[in-house]
Amino acid sequence: IARPSFWLLVLTGVIGGVLSGAFGVGGGILMVPLLINLVGMNQRQASATSLLAIVPTSIVGSITYLAAGHVDLLAGLFLAIGGVIGS
Numbered sequence: 006i007a008r009p010s011f012w013l014l015v016l017t018g019v020i021g022g023v024l025s026g027a028f029g030v031g032g033g034i035l036m037v038p039l040l041i042n043l044v045g046m047n048q049r050q051a052s053a054t055s056l057l058a059i060v061p062t063s064i065v066g067s068i069t070y071l072a073a074g075h076v077d078l079l080a081g082l083f084l085a086i087g088g089v090i091g092s
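Residue 6 is where the sequence shown starts when you use the numbering used here, and the numbers rise one by one after that.
Below, the structure is given as structure tokens:
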């Protein structure tokens, strides 16, 4: 599998991050199509790569919201349990 260029991946991340921040949508809606259409990955590779990229992004976002007092920890725990079971 040919590796996409560093700058193309960074550009894809920036586009996905800006659109996600502006519209509040997740990686599956934006990042997977960007990785397929802009970078040239297949669907399975784009989905897996997007899942990996979500981890640091969600950690930083969660810490920011937690510091501002906007996180319901109990609801987040139950959502996490359901998400792990569902995936």
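Ideal Cβ positions, reconstructed from N, Cα and C, are used throughout, including at glycine. Treat the numbers as computed from the prediction; the structure is a model and nothing was measured.
Can the beta-carbon of V60 be found closer than 8 Å to that of S67?
no
Cβ-based burial, A51 [other Cβ within 10 Å; buried from 16]:
buried
Tell me where the alpha helix (DSSP H) around P61 begins and ends.
Q48 to A72
So what's P9 in DSSP terms, helix, strand or just coil?
coil
8 Å contact criterion, which L40 and T54 should meet: CB distance rounded:
6 Å
Is the distance from the Cβ of L24 to the Cβ of L43 below 8 Å?
no
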